[in-house]
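Accompanying notes for the structure given below.
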Amino acid sequence: MKVLVIGGGGREHSLAWKLSQSPQIKDLYVIPGNGGTAEIAENVDISLNEIVKLADFAKEKKIDYTVVGPEAPLVSGIVDEFEKRGLNIFGPSQNASIIEGSKVYAKRFMKKYEIPTAEFKVANTPEEAKELIKKEVFKFPYVIKADGLAAGKGSIIVKNKKEAETAIEDLMIKKKFGSAGDKVVFEEFLEGKETSYMVFSDGKRAFPIVTSKDYKRLENEDKGPNTGGMGAISPSPYIDYDLIKDIHRKIVMPTIYGMAQESRMFKGVLYPGLMLTKEGPKVLEYNCRFGDPETQAIMLRLKTDLLEIIDGIQHNTLKDMTIDWSMEPSACVVLVSGGYPGKYEKGKEIFGLKRAKMIEGVQIFHAGTKKVNGKVYTNGGRVLNICATAPSLDKVMEKIYSAISFISFEGMFFRTDIGMEKKE
Ligand code: AMP
Ligand code: GLY
């Protein structure tokens with residue numbers, strides 16, 4: 112079989128790595144890929160905005176399955192374009208991806224299907240937003256969110272009136288994230304522990320993926336700015352079996368049912384970001400895809416052939432299969448370029464990868480890297496994902512941090528507290 116992975120981050124490297132172990136796969140392509148995927152697949156340089164060109168490529172190469180990593184092509188309708196042309200592709204349709212593509216849609220959907228989430232108000236214009244600020248609809252702090260996709264940067268926690276006004280100015284008037292800020296959602300601030308939860312969905316049923324938690328802030332102890340993710344661990348330290356049942360009953364199943372009711376049948380990975388509040392789990396946002404960097408940790412625990420799972424969803428046979436997971440925990444620490452998530456330089460040579468990879472149980476997934484003449488250079492903000500699995504989380508972290516001690520590039524930065532939260 113010929114398989115194509117869409118995306119160029121650590122998530123896509125880990126998906127490609129897992130798929131490369133499938134005995135059924137002969138040819139593996141990644142668009143655009145990175146320095147790591149170049150070692151296990153053929154990287155192809157096509158812009159992810161060019162959905163028609165992506166489908167042309169898949170058609171020409173007779174790709175049997177395409178797996179989509181990032182949200183933007185899903186929200187732009189890549190699945191519909193591929194399916195229109197008779198190509199198998201894993202991910203939700205454009206219709207269903209709206210659950211991530213529009214926060215206004217997601218909030219109204221949750222209200223309709225009584226799925227627990229923060230109280231909210233929608234502003235369709237800057238005037239409406241200013242009115243909401245004036246009326247003090249929620250007490251400070253509260254959250255103002257751009258309706259559309261903003262690469263994870265569209266949610267702003269505001270502590271006072273001035274900050275709320277600046278958020279509206281940035282999102283709705285200066286259009287910092289373009290049309291994503293045409294509308295905004297005002298949301299009550301939720302207190303609690305934040306965690307990820309993902310399932311495979313065939314449109315009717317949910318098949319649990321092992322739990323995980325990501326670390327969004329740049330610095331130790333969750334300080335500093337929000338990032339695309341500085342690390343992840345699996346399982347999540349906050350979710351036990353009873354809570355999984357609760358999340359399925361109150362959130363996952365009503366979501367899958369509701370989407371089907373709305374003629375937006377959700378096939379793919381459904382990933383609600385959750386706040387575990389005193390009143391129970393509440394949805395912070397929906398994602399319509401695998402999480403990054405959670406997937407890098409999770410793929411290390413997946414024993415079943417990923418292609419079989421994807422094929423099972425496509426052909427409605429996943430319900431007859433069991434998905435096997437390793438009981439051993441895993442984690443991922445992200446190495447970033449100096450200055451990230453702000454401005455950073457690219458093109459720094461990376462040293463020590465070979466030595467780091469030799470540690471048993473360690474797996475390195477590339478993100479922003481580029482391979483030139485056998486040497487690996489930085490090519491983005493998040494550069495490398497150092498992952499491992501071992502019998503205990505302490506051992507996992509020991510392996511990861513000793514692997515990191517061999518790696519260096521100018522400006523390299525990472526958190527040193529991943530996987531080290533105190534047990535409750
Ligand atoms: P979102 O873009 O909705 O995922 O929000 C980004 C981050 O902002 C989340 O991961 C949370 O850490 C935080 N956040 C979003 N909504 C809320 C909320 N209602 N209460 C508290 N924190 C929130
Ligand atoms: N880990 C956060 C995300 O994938 O959106």
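Under this note's numbering, the first residue of the sequence shown carries the number 112, and numbering increases by one thereafter. No residue lacks a Cβ here, since even glycine has one placed at the ideal position from N, Cα and C.
Asked                                                                                                           : Found
Burial state of Asn154 (16 or more Cβ within 10 Å)                                                              : buried
Cβ-heavy atom distance, Ala217 to the ligand AMP, below 7 Å                                                     : no
Near the ligand GLY: Gly314 beta-carbon under 7 Å from a heavy atom                                             : no
Sequence-distant residues of its chain with Cβ nearer than 7 Å to Lys270 (five each side left out)              : Phe251, Pro252
Glu298: CB within 7 Å of a non-hydrogen atom of the ligand AMP                                                  : yes
Cα-Cα separation, Ser266 to Gly259                                                                              : 10 Å
Lys245 versus Tyr140 - alpha carbon distance                                                                    : 53 Å
Runs of beta strand (DSSP E) wholly within the region 377-453 (minimum 3 residues, chain order)                 : 378-388, 391-398, 441-447
Opening and closing residue of the beta strand (DSSP E) in which Leu464 lies                                    : Element bounds for Leu464: not the beta strand (DSSP E) but the alpha helix (DSSP H), 464-468.
Gly121, enclosing alpha helix (DSSP H) - first and last residue                                                 : 121-131
According to DSSP, residues forming a beta bridge with Glu330                                                   : Lys334
Span separating the alpha-carbon of Tyr451 from that of Gln407                                                  : 20 Å
Top-ranked residue by Cα proximity to Asn490, from Gly472, Met523, Ala514                                       : Met523
Cβ neighbour criterion (16 or more within 10 Å) applied to Asp156                                               : exposed
Beta carbon of Phe297 nearer than 8 Å to that of Val363                                                         : no
Cβ separation of Ala183 and Arg375, assumed to be a contact under 8 Å, to the nearest whole Å                   : Actually they are not in contact, since the Cβ atoms of Ala183 and Arg375 sit about 18 Å apart, beyond 8 Å.
First and last residue of the uninterrupted alpha helix (DSSP H) at Glu276                                      : 272-279
Own chain partners of Ile418 with C-beta closer than 8 Å, once the 5 adjacent residues on each side are dropped : Sequence inspection shows Leu at residue 418; the Ile mentioned does not correspond to that position. If we look at Leu418 and ignore the five residues flanking it on each side, its Cβ neighbours are Met112, Val114, Leu130, Ser133, Gln135, Ile136, Tyr176.
Cβ-heavy atom distance, Asp175 to the ligand GLY, below 7 Å                                                     : no
DSSP three-state assignment for Ile284, whether helix, strand or coil                                           : helix
Residue of Met531, Lys327, Met438 minimising C-alpha distance to Val447                                         : Lys327
Residues near Pro392 by beta carbon distance below 6 Å, same chain, minus five either side                      : Ile358, Leu385
In DSSP terms, what Glu153 is bridged to                                                                        : Tyr140
Proximity winner among Lys286, Val321, Leu464, Ser125, relative to Gly485 (alpha-carbon distances)              : Leu464
CB of Ser307 within 8 Å of CB of Phe377, strictly                                                               : no
Option nearest Phe231 by Cα separation, candidates Ala442, Leu301, Tyr382, Ile162                               : Leu301
Range of the contiguous alpha helix (DSSP H) that encloses Ile226                                               : Run containing Ile226: none; DSSP gives neither H nor E here.
Glu123 Cβ short of 7 Å to the ligand GLY heavy atom set                                                         : no
Identity of the residue in Leu243, Leu495, Asp293, Lys294 nearest Glu276 by Cα                                  : Leu243
Coarse secondary structure for Pro319, derived from DSSP in three states                                        : strand
Identified DSSP bridge partners for Gln474                                                                      : Cys498
Residues near Val507 in its chain [Cβ-Cβ closer than 7 Å; skip 5 each side]                                     : Pro440, Ser441, Ala442, Ala499, Thr500, Ala501, Gly530
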